[in-house]
Amino acid sequence: MIFTELRFVLLFVLCWIAFFAVPRRWRSATLAAFGIAFYTIFAGPSVLAIVLLLTLAAYVRAPALLFVIVLVVAKVPDAFLIVPLGLSFLTFELIHVVVERRRGRITEMSLTDLLAFVFFAPARIAGPIKRFPQFRDAVAEAELSGDDVYAGVLRILLGLAKKFLLADVLALTVAESEYVSSMHQAWMVVLAFGLQLFLDFSAYSDIAIGFARTLGIRLPENFNWPYLAANIREFWERWHITLSLWVRDYIFTPLGRALFGTRLRPYPGAIATISYLATFAVVGAWHGLEPRFVLWGLYHGALLAIFNLWRRYVPPSDSRALRALGIVVTFFFVTIGWVPFFLPLEKTTHMWALMFGIAR
Amino acid sequence: MKVRRLLFALLWLALLDFFIPPIVRRAEYARYETGAVYRFENSDLFALGPMVRYLREHPRGPRRRAMFLGNSVVFGYGLEARDALAAQFERLAGDTRVFNAAVNGAENGDSDLVGKAVIDSVDTLYVQLTLRSRARPILGTLIPVDDDDVRRFALDRTDPIEATLRSLLGRVWRLYAVNDRLQAAFFGTSARQYLYLHKRELLLAALGRAPRKAPETPRSAIAVSLSARRDGAPLPSAMLDLAEVAKSHRKRLVILDFQRRVAAADFNAAYAPYAEIVTIDVPPALRFDKQHLTPAGANAVAAALVAHDRERAP
Chain A
1 MIFTELRFVL
11 LFVLCWIAFF
21 AVPRRWRSAT
31 LAAFGIAFYT
41 IFAGPSVLAI
51 VLLLTLAAYV
61 RAPALLFVIV
71 LVVAKVPDAF
81 LIVPLGLSFL
91 TFELIHVVVE
101 RRRGRITEMS
111 LTDLLAFVFF
121 APARIAGPIK
131 RFPQFRDAVA
141 EAELSGDDVY
151 AGVLRILLGL
161 AKKFLLADVL
171 ALTVAESEYV
181 SSMHQAWMVV
191 LAFGLQLFLD
201 FSAYSDIAIG
211 FARTLGIRLP
221 ENFNWPYLAA
231 NIREFWERWH
241 ITLSLWVRDY
251 IFTPLGRALF
261 GTRLRPYPGA
271 IATISYLATF
281 AVVGAWHGLE
291 PRFVLWGLYH
301 GALLAIFNLW
311 RRYVPPSDSR
321 ALRALGIVVT
331 FFFVTIGWVP
341 FFLPLEKTTH
351 MWALMFGIAR
Chain B
1 MKVRRLLFAL
11 LWLALLDFFI
21 PPIVRRAEYA
31 RYETGAVYRF
41 ENSDLFALGP
51 MVRYLREHPR
61 GPRRRAMFLG
71 NSVVFGYGLE
81 ARDALAAQFE
91 RLAGDTRVFN
101 AAVNGAENGD
111 SDLVGKAVID
121 SVDTLYVQLT
131 LRSRARPILG
141 TLIPVDDDDV
151 RRFALDRTDP
161 IEATLRSLLG
171 RVWRLYAVND
181 RLQAAFFGTS
191 ARQYLYLHKR
201 ELLLAALGRA
211 PRKAPETPRS
221 AIAVSLSARR
231 DGAPLPSAML
241 DLAEVAKSHR
251 KRLVILDFQR
261 RVAAADFNAA
271 YAPYAEIVTI
281 DVPPALRFDK
291 QHLTPAGANA
301 VAAALVAHDR
311 ERAP
């Protein structure tokens with residue numbers, strides 16, 4: 001884990017001291033310099049790939065092209081030798097910059113601000129996916145505060161505890177998936193994977209948020225008790241929140257708007273269904289350009305489309321019992337969906353069959 | 001107030017650090033020198049580094065020392081740790097502390113590297129001969145290896161800057177320096193492996209229930225014969241390397257050839273009394289598949305090795 005490597009910790013401590021020691025107008029440059037040093041140490045030659053992406057983002061201004069290039073470089077297994085660290089997250093941040101500049105919402109952007117945003121080390125490993133205006137303002141307004149340092153250190157410790165005491169132990173149960181032969185074992189492994197993924201990923205987010213907080217920079221939250229969601233839409237409002245917001249802003253909404261200009265205009269249900277499926281196919285591909293990830297994305301797209309249709313006919317209720325039932329049902333469907341996410345496609349159907357007592 | 005809490009936590013850590021060395025000493029002595037069965041549970045290599053460091057720092061123990069190296073056959077795949085070959089050897093030999101350092105899938109290169117790292121701290125190495133001479137790259141970050149071996153086996157190395165920083169921090173923060181040794185000494189493996197492997201017992205203990213008692217290890221009614229083949233394939237280079245080291249360090253190396261593949265007689269004559277190849281003929285009734293020993297099979301092989309060693313003893 002890069003966060004626990006002393007090279008990272010030492011670099012961050014130096015960055016922290018320099019950040020508060022230099023005049024406020026040099027803070028972005030300080031973050032950029034340490035970010036580039038971090039990338040050079042941990043990712044070596046892939047800094048060049050980042051420079052290429054930055055150039056594309058700054059001059060080509062074609063978000064779709066950027067996305068396709070990154071999908072091919074990072075997500076096709078063995079496509080390239082050099083895969084930059086945290087490339088998927090970086091791409092989404094750069095696409096956000098390109099789109100918002102085209103929309104005129106980002107008017108002023110200095111090179112140092114962009115470099116600080118792109119190379120901000122804590123969020124570079126596994127998110128959260130930042131937004132440029134908020135990040136730039138947070139850097140400019142950051143103050144040295146004992147409260148922030150305390151809250152940041154606690155958040156880092158919480159993340160480390162989640163990762164090493166819980167997620168890594170659950171990972172050993174997940175590794176039993178090779179030998180699963182009964183319904184009980186199948187459910188145990190799949191439940192363990194669902195918990196492990198949440199704890200592991202949210203631990204990385206906690207640590208990133210904690211490091212940034214010690215600098216007085218607030219990064220967006222990424223998780224909010226997702227397994228307590230009472231429906232699938234709420235799940236995506238609580239799970240990998242920064243990704244959900246990104247795909248909402250840059251895929252789902254523009255696609256829905258475009259479809260409203262077609263012959264589908266009288267059929268909003270169909271527009272929503274197509275938008276959900278297309279958006280989550282992209283989300284799946286973003287996790288890995290393999291059929292199993294696309295299947296996982298389409299599964300969630302289908303769940304969201306079905307829920308959207310359901311909501312048209314069944315209004316929301318305030319009943320606690322129904323909310324509890326909703327939590328159980330949502331957890332059930334999300335858990336089933338994790339199978340193609342962690343197993344090769346040829347083993348997915350067997351695992352599902354074991355879970356439902358069809359296979360032995 | 002919050003800054004004060006941070007300083008208070010740091011003070012506690014500094015105070016705790018004062019007690020770390022005696023805690024490590026006692027826990028390691030209990031783990032490595034007492035009669036508790038020693039094995040890398042779940043074939044996890046976490047405890048290898050701490051064990052090798054302990055042995056190198058304590059080249060002599062209260063009893064003679066033997067180490068078993070090899071793959072799942074020696075590890076005792078499918079067997080409780082107490083039923084594996086090394087544990088049964090320890091019970092039968094009586095006065096020897098035995099370390100089962102075999103792991104599933106290990107090859108001759110792994111045994112060569114681990115054997116060389118501990119050669120001065122054990123009296124006898126029992127090394128299972130496997131098909132290939134490869135080694136796991138991670139061994140380069142776990143145990144001391146020389147540059148030739150790094151090249152020969154394409155081993156991983158810890159980044160030099162990271163290694164220097166760890167060493168510097170370890171000098172001022174002892175808990176950081178010995179955290180893996182503490183885990184290995186307390187649990188015999190990493191804390192996470194321990195939690196994973198013992199979750200049922202821990203749960204039963206939390207509920208106030210006693211765990212089930214393991215059945216007694218069966219003794220074998222069938223004997224295993226040991227011999228030295230006259231003909232066969234030459235000994236793999238990794239094993240020859242280890243034999244040379246054993247000879248130069250005047251230690252005993254016993255190469256266990258379960259597959260009866262290599263020619264032993266000439267080698268045994270050349271390397272006596274330091275290294276020898278023992279060809280082991282295990283009857284099918286003592287295996288539960290093509291290669292792995294049953295508890296009775298491990299018992300029979302252990303008994304044969306103990307008897308063989310007693311014959312060889314001066």
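Chains as they are written, first to last, in our numbering: chain A, 1 to 360; chain B, 1 to 314.
A virtual CB, placed ideally from N, CA and C, is assigned to each residue, including glycine.
None of these values were measured; they are calculated from a predicted model.
Once DSSP output is grouped into helix, strand and coil, what is the label at Leu256/B? Here Leu256/B sits in strand by DSSP.
Alpha carbon to alpha carbon, what distance is there between Asp231/B and Tyr38/B? Cα-Cα distance, rounded: 35 Å.
Give a yes or no on whether the minimum CB-CB distance between Val169/A and chain B is below 8 Å. Yes, contact with chain B.
6 Å Cβ shell around Asn180/B - same chain, five flanking residues per side excluded: It should be pointed out that residue 180/B corresponds to Asp in this sequence rather than to Asn. Taken in chain order, the residues that qualify are Pro50.
Consider the Cβ of Leu165/B: report whether some Cβ of chain A lies at a distance smaller than 8 Å. Taking Cβ atoms only, chain A reaches closer than 8 Å to Leu165/B, which makes this a yes.
Relative to the C-alpha of Arg60/B, which candidate in Glu216/B, Thr124/B, Thr158/B and Ile20/B has its C-alpha closest? Distances from the CA of Arg60/B to each of Glu216/B, Thr124/B, Thr158/B and Ile20/B were compared; the closest alpha carbon is that of Thr124/B.
Please report the straight-line C-alpha distance between Tyr150/A and Ala86/B, rounded to a whole angstrom. A direct Cα-to-Cα measurement between Tyr150/A and Ala86/B gives close to 50 Å.
Pairing CB atoms from the stretch 246 to 266 of chain B with CB atoms from the stretch 181 to 188 of chain B, are three or more of them under 8 Å? Two segments are said to touch when three or more pairs of C-beta atoms, one from each, lie closer than 8 Å; by this definition the stretch 246 to 266 of chain B does not touch the stretch 181 to 188 of chain B.
In terms of residues, what are the limits of the beta strand (DSSP E) holding Asn321/B? Since the first residue shown for chain B is 1 and the last is 314, residue 321/B is missing from the structure and cannot be characterised.
Do Thr273/A and Leu255/A have their CB atoms nearer than 8 Å? Not a contact, by the Cβ cut-off of 8 Å.
So for Gln185/A, helix, strand or coil by DSSP? In this structure, DSSP gives Gln185/A a helical state, which the three-state scheme calls helix.
Start-end ranges of the alpha helix (DSSP H) lying completely within the stretch 187 to 252 of chain A, minimum 4 residues: Fully enclosed alpha helix (DSSP H) runs of 4 or longer: 232 to 238 and 241 to 247.
Best match in Ala285/B, His292/B and Val301/B for proximity to Leu79/B [C-alpha to C-alpha]: Of Ala285/B, His292/B and Val301/B, the residue nearest in Cα terms is His292/B.
How many Å lie between Arg105/A and Phe135/A at the Cα? In this structure, the alpha-carbon of Arg105/A lies about 14 Å from that of Phe135/A.
Assuming Thr112/A and Ala203/A form a contact by the criterion Cβ under 8 Å, report the distance between their Cβ atoms to the nearest whole angstrom. At roughly 31 Å, the Cβ-Cβ gap does not stay under 8 Å, so Thr112/A and Ala203/A are not in contact.
Is Val178/B close to chain A, meaning its C-beta is less than 8 Å from at least one C-beta of that chain? For Val178/B, the answer is no, since every Cβ of chain A falls outside 8 Å of its Cβ.
Collapsed DSSP secondary structure at Ala315/B in the structure displayed: The displayed coordinates of chain B run from 1 to 314. Any statement about residue 315/B would go beyond what the structure contains.
So, helix, strand or coil for Ala79/A, using DSSP? A caution first: Ala79/A carries a pLDDT of 49, below 50, which makes its placement in the model unreliable, though a value can still be read off. Judged by DSSP in its simplified three-state form, Ala79/A adopts coil rather than helix or strand.
Please report whether the beta-carbon of Asp206/A lies at a distance below 8 Å from any beta-carbon of chain B. Judged by the 8 Å Cβ criterion, Asp206/A is not in contact with chain B.
Is there a Cβ of chain A sitting closer than 8 Å to that of Gln193/B, yes or no? For Gln193/B, the closest Cβ of chain A is nearer than 8 Å.
Below 7 Å CB to CB, which residues in the same chain sit around Trp286/A once its five sequence neighbours on both sides are set aside? Once the five neighbours on either side are set aside, the close Cβ partners of Trp286/A are Ser88.
With DSSP as the reference, please indicate the residues paired to Ile277/B in a beta bridge. Bridge partners of Ile277/B: Ile255/B.
State the Cα-Cα distance for the pair Lys116/B and Val122/B, rounded to the nearest angstrom. Going from the Cα of Lys116/B to the Cα of Val122/B covers about 10 Å.
Please report the distance separating the alpha-carbon of Phe341/A from that of Val13/A. Distance from the CA of Phe341/A to the CA of Val13/A, rounded to the nearest whole angstrom, comes to 36 Å.
What span of residues does the alpha helix (DSSP H) with Tyr150/A cover, start to end? It spans Gly146 to Ala161 - the alpha helix (DSSP H) in which Tyr150/A sits, taken as one unbroken run.
Taking only beta-carbon atoms, is Gly159/A less than 8 Å away from chain B? It does not; no Cβ of chain B falls within 8 Å.
Between Thr189/B and Leu226/B, how many whole angstroms is the CB-CB distance? I'm expecting something under 8 Å. The Cβ separation is near 32 Å, so there is no contact.
Given that a residue counts as buried once 16 or more other Cβ atoms are within 10 Å of its Cβ, and exposed if not, what is Leu81/A? Bear in mind that a pLDDT of 48 at Leu81/A, under 50, signals an unreliable position, so the number given afterwards is only what the model happens to contain. The residue is exposed, with fewer than 16 neighbouring Cβ atoms inside 10 Å.
Which residue marks the beginning of the beta strand (DSSP E) containing Met109/A, and which one marks its end? For Met109/A, there is no enclosing beta strand (DSSP E), since its DSSP letter is neither H nor E.
Helix, strand or coil: how does DSSP classify Gln128/B here? In this structure, Gln128/B counts as strand in the three-state DSSP scheme.
Excluding the 5 residues preceding and the 5 following Leu169/B in the sequence, name in chain order all residues of the same chain whose CB lies nearer than 8 Å to its CB. Answer for Leu169/B: Tyr176 and Ala177, listed in chain order.
Between Ala126/A and the rest of its own chain, which residues show a CB-CB distance below 8 Å, the 5 nearest in sequence each way excluded? Gly86, Phe89, Phe201, Tyr204, Ser205 and Ala208.
Please confirm whether Ala230/A and Ile327/A have their CB atoms less than 8 Å apart. Taking C-beta atoms as the reference points, Ala230/A and Ile327/A count as a pair closer than 8 Å.
Using alpha carbons as the reference points, say which of Phe19/B, Gly35/B, Ile255/B and Ile23/B lies closest to Leu240/B. Comparing alpha carbon positions, the residue from Phe19/B, Gly35/B, Ile255/B and Ile23/B closest to Leu240/B is Ile255/B.
Could you tell me which residues DSSP pairs with Leu255/A in its beta bridges? Answer is none; Leu255/A lacks a bridge partner.
Quick one: using the 10 Å Cβ neighbour count with 16 as the cut-off for buried, is Pro122/A buried or exposed? Classification for Pro122/A: buried.
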